[in-house]
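Asker: There's a structure below that I have some questions on.
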Amino acid sequence: MTPPPLPPTPRRKERKEGDIGSVFASLSGEAEAVLPPRFLDLKRSIIGDEANQAALRKGWASLTRRLAQRADEIEAKQQAAITYEEFIERPSKQLIDEIKSCGTVVVRNVVSEEQALKWLDEIREYVKLNPQVKGFPADDKQVFELYWSKPQLAARAHPRSMAVQRALLSLFSRSPDTPVSLETPLTYADRLRIRNPGDAKFALGPHIDGGSIERWEDPTYRSVYERILRGKWEEFDAWEIGARGEAKQNMYDGAGACGVFRAFQGWTSLSDTGPTEGTLRVYPFIQEMSAYTLMRPLFKVIQSRAELSHDAYLAPGNWELDLETSRFPGSPLARGQELNDDTHPHLALSRTMVSLPRVKPGDQAWWHCDVIHAVEAEHRGTGPSAVMYIPSVPLTAQNAEYVRDQRESFLAARPPPDFPGGVGESGFQGTGREEDVVGLAARNAMGLDAFDFHEGLSDDERAIREKDERAIREKANVVLGI
Ligand SMILES: [Fe+2]
1 MTPPPLPPTP RRKERKEGDI GSVFASLSGE AEAVLPPRFL DLKRSIIGDE ANQAALRKGW
61 ASLTRRLAQR ADEIEAKQQA AITYEEFIER PSKQLIDEIK SCGTVVVRNV VSEEQALKWL
121 DEIREYVKLN PQVKGFPADD KQVFELYWSK PQLAARAHPR SMAVQRALLS LFSRSPDTPV
181 SLETPLTYAD RLRIRNPGDA KFALGPHIDG GSIERWEDPT YRSVYERILR GKWEEFDAWE
241 IGARGEAKQN MYDGAGACGV FRAFQGWTSL SDTGPTEGTL RVYPFIQEMS AYTLMRPLFK
301 VIQSRAELSH DAYLAPGNWE LDLETSRFPG SPLARGQELN DDTHPHLALS RTMVSLPRVK
361 PGDQAWWHCD VIHAVEAEHR GTGPSAVMYI PSVPLTAQNA EYVRDQRESF LAARPPPDFP
421 GGVGESGFQG TGREEDVVGL AARNAMGLDA FDFHEGLSDD ERAIREKDER AIREKANVVL
481 GI
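Numbering (the UniProt record's numbering), first residue to last: 1 to 482.
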């Protein structure tokens, strides 16, 4: 018997017009906002009773010691970089362990260099045809408010890119009752950037996607980090999906907030770009950075940096549980989570953020949703540093709802629901249309065709997973109304 249809949730409201400058407090020049007193209550409830307080203090001491060791190791550390074939066909355990410890991976040659350069040419042509396109900074556009160009549609739907997305999702584990399909990537339309040599304006400092204060405030989101918040950070597994799929990442309608659970953020390179040329920088130990990010607001410093040596300032004895303030450093409402040497000193980000290795057109970079990342402040290279942002998004009911709304934006060639609103590309020439999304997996990912119940499942998983898969795919079809 077919289950009765779910009551449709209302479509998201369109956002105000704007560009990426409105997403981060630091890009828009805002000072740290004081959070309302209810966040002190929240903090106190997380810090909990005496037993939890003791566990947190113990966890903080061991974590900050580990971070100091890690900072010394990082200078010697290289980012994992592997070929498409290695990743898809024969990943070694060592390779998988490395990716899981680091949280970031470069996958080489996902599409051919020739194809990627052709996409870049086509994008430039599209921009030339439509000079009214918005971008950041407004006087020399480099992060374009473009979502529906034909090369973007083609890159998101490329079979090898979708295979990488599936392989990335399979790094996560899930319990059988978690309503998520890790075999079914969805499309999340995002912008593209073509950064010119010499640019220093798009200096996106260290930040984490997927909301800021929501990680603590939303009980579902908070449950993902429960081990950390109980002081047992070494037991935290960043690769367990848990309740991530149902977490509220956007409680304040933030300009940069993401309406889907994005397991990995990623980009596809359209240029030959290396360190110092405006590439991505990441902190390369995921368990430690998640633990520190989540524990940091629960502690406050006793003696300030000015009064002590650097080591004495960071020592566990100089930090105590904060039961008095509503401060959540770098976590303003409706803005992205930012981190720096003042707000998160133990990470020593000014020396521990490492640049990605040199990439060629057609290579992809991927980073786990909890990874602290930044864009190099200055682009000192000679050529453009160009990427299309394409994440890896699993099928969940919440993600299907977003794709339903995004489909409407796509069909009207307006910006997707998460992005600054306005007419977008609706009056543009040469915009991608529904007929440009080809192939069942790509059309499923865009919510354009109904999911069937076998496609995309490997044989050995089919028997075990079929029931769960059927449930989530059925649910998605109801949400999508197809
Ligand atoms: Fe980001």
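Where a beta carbon is used, it is the ideal one built from N, C-alpha and C, also for glycine.
Taking 7 Å as the cut-off, does the CB of D209 come closer than this to any heavy atom belonging to ligand 1?
Answerer: By one-based count along the sequence shown, residue 209 stands at place 209. Yes.
Asker: Expressed to the nearest angstrom, what Euclidean distance is found between the alpha-carbon atoms of A238 and Y313?
Answerer: Within the sequence shown, the letter at position 238 stands for residue 238. Within the sequence shown, the letter at position 313 stands for residue 313. Each residue's alpha carbon lies about 29 Å from the other.
Asker: Entirely within the region 77-142 and at least 3 residues each: give me those beta strand (DSSP E) ranges in chain order.
Answerer: The qualifying runs are 81-83 and 104-108.
Asker: Take K61 and list the residues in its own chain whose beta-carbon comes closer than 6 Å to its own, dropping the five residues that flank it on each side.
Answerer: Counting from 1 along the sequence shown, the entry for residue 61 is found at position 61. Here residue 61 turns out to be Ala, not Lys, going by the sequence shown. For A61, where only same-chain residues beyond five positions count, the Cβ hits under 6 Å are P316.
Asker: So for F264, helix, strand or coil by DSSP?
Answerer: Here residue 264 refers to the residue found at position 264 when the sequence shown is read from its first residue. Reduced to three states, the DSSP call for F264 is strand.
Asker: Please report the straight-line C-alpha distance between G278 and F299, rounded to a whole angstrom.
Answerer: Within the sequence shown, the letter at position 278 stands for residue 278. Within the sequence shown, the letter at position 299 stands for residue 299. Whole-angstrom Cα-Cα distance: 34 Å.
Asker: Where T276 and T382 are concerned, what is the direct C-alpha to C-alpha distance, given to the nearest angstrom?
Answerer: As a position in the sequence shown, residue 276 is number 276, starting the count at 1. As a position in the sequence shown, residue 382 is number 382, starting the count at 1. Whole-angstrom Cα-Cα distance: 11 Å.
Asker: Please identify the residue among S173, D140 and R327 whose C-alpha is closest to the C-alpha of Y263.
Answerer: On the sequence shown, residue 263 is found 263 positions in, with the first residue counted as 1. Reading off the sequence shown, one finds Ala at residue 263, where the question assumed Tyr. Out of S173, D140 and R327, S173 has the C-alpha closest to the C-alpha of A263.
Asker: For the alpha helix (DSSP H) that contains K58, what are its first and last residues?
Answerer: Mapped onto the sequence shown, residue 58 falls at position 58. From DSSP, the alpha helix (DSSP H) with K58 extends over E50 to I74.
Asker: Measure the alpha-carbon distance for W233 versus E122 and round it to whole angstroms.
Answerer: One-based indexing of the sequence shown puts residue 233 at position 233. One-based indexing of the sequence shown puts residue 122 at position 122. Approximately 47 Å between the Cα atoms of the pair.
Asker: Check whether the Cβ atoms of E17 and G330 lie closer than 8 Å to each other.
Answerer: Working through the sequence shown from its first residue, we reach residue 17 at position 17. Working through the sequence shown from its first residue, we reach residue 330 at position 330. Taking 8 Å as the Cβ cut-off, E17 and G330 do not qualify as a contacting pair.
Asker: What are the partner residues of Q406, as DSSP defines its beta bridges?
Answerer: For the purposes of this step, residue 406 is taken as the residue at position 406 of the sequence shown. Answer is none; Q406 lacks a bridge partner.
Asker: Exposed or buried, R244, counting other C-beta atoms within 10 Å across all chains shown (16 or more means buried)?
Answerer: Start at 1 with the first residue of the sequence shown, and residue 244 comes out as number 244. Buried, because 16 or more other Cβ atoms sit within 10 Å of the Cβ of R244.
Asker: So is the beta-carbon of S368 under 7 Å away from any non-hydrogen atom of ligand 1?
Answerer: Sequence index remark: in the sequence shown, residue 368 carries index 368 (1-based). Residue identity check: residue 368 is His in the sequence provided, not Ser. Checking the Cβ of H368 against ligand 1 gives no.
Asker: Which residues in the same chain have their Cβ closer than 8 Å to the Cβ of D199, if we skip the five residues on either side of it in sequence?
Answerer: For the purposes of this step, residue 199 is identified with residue 199 of the sequence shown, where counting begins at 1. Cβ neighbours of D199 beyond the five flanking positions: D140, Q142, G278, E378 and H379.
Asker: Give, in chain order, every unbroken run of the alpha helix (DSSP H) that is at least 4 residues long and sits entirely within the region 254-329.
Answerer: For the region 254-329, whole alpha helix (DSSP H) runs of length 4 or above, ordered along the chain, are 286-295 and 310-314.
Asker: Got a sec, what are the start and stop residues for the beta strand (DSSP E) residue 485 sits in?
Answerer: This structure cannot speak to residue 485, because the chain is shown only from 1 to 482.
Asker: Tell me, please, whether the region 149-169 touches the region 323-340 by the rule of three or more beta-carbon pairs shorter than 8 Å.
Answerer: No, the region 149-169 does not touch the region 323-340.
Asker: On the criterion of 16 or more Cβ atoms from any shown chain inside 10 Å, does A189 qualify as buried, or is it exposed?
Answerer: Counting from one through the sequence shown, the residue named residue 189 turns up at place 189. So A189 counts as buried.
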